[in-house]
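In UniProt numbering, the protein residues as written are 1 to 128. Ideal placement from N, C-alpha and C gives every residue a C-beta, glycine not left out. These notes concern the structure reproduced below.
Right, dumping it as structure tokens:
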């Protein structure tokens, strides 16, 4: 080999599935914890929104019913679907509602619930 001749660096090895050595762990430091994901209400207990549309959703098997839901634009600008609990409701487009976390187990993608008796959403009517 001639003096002063530079060789190309060796090709990178694929990462092994083994553990890191103590030296590697010391050089790299502690791994950063993954960032926490904000829930559907963005870390708030309740959040205000405007009803965009009334929806009827069908639950997953083995349940069968027509679940009343509403599409809501939250005060943060996000649009979500919220479940309306109880029998019957008076919600229409442009009504103000308060929604809280709490998913409906048999409705996929519905992670919020409308709070009855607040803003434009009336209380559940007592049965006669």
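Using 8 Å as the cut-off, can you tell me whether the region 41–49 makes contact with the region 85–102, which would need three or more C-beta pairs spanning the two stretches below that distance?
The region 41–49, when compared against the region 85–102, does touch it at the 8 Å Cβ threshold.
Assign residue 94 to buried or exposed, taking buried as 16 or more other Cβ atoms, counted over all protein chains shown, within 10 Å of its Cβ.
So residue 94 counts as exposed.
Just mark residue 89 as buried or exposed, buried being the case when its beta carbon has 16 or more other beta carbons within 10 Å.
Classification for residue 89: buried.
Closest to residue 79 by C-alpha separation, out of 65, 111, 119, 87, would be which residue?
For residue 79, the nearest C-alpha among the options comes from 111.
Identify whether residue 112 lies in helix, strand or coil by the three-state DSSP scheme.
Strand, per DSSP.
Whole angstroms is fine: what's the gap from residue 57's alpha carbon to residue 64's?
Spanning the two alpha carbons is a distance of roughly 10 Å.
What are the uninterrupted segments assigned as alpha helix (DSSP H) that are 4 or more residues long and contained completely in the region 17–53, given in chain order?
The region 17–53 contains these whole alpha helix (DSSP H) runs: 22–28.
If you follow the beta strand (DSSP E) that residue 77 is part of, which residue opens it and which one closes it?
That residue, residue 77, is in no beta strand (DSSP E); it is neither H nor E in DSSP.
What are the residues that DSSP puts in a beta bridge with residue 57?
DSSP output for residue 57 lists 67 as bridge partner(s).
Measure from the alpha carbon of residue 162 to the alpha carbon of each residue in 41, 42, 70, then state which is nearest.
With the chain running from 1 to 128 in the structure shown, residue 162 is simply not present.
So, at 7 Å on beta carbons, what are the nonlocal neighbours of residue 108 in its own chain, with the 5 sequence-adjacent residues on each side left out?
Excluding residues within five positions, the ones whose Cβ falls inside 7 Å are 60.
The beta strand (DSSP E) with residue 84 in it runs from where to where?
Segment: none, residue 84 is in no beta strand (DSSP E) and carries neither H nor E.
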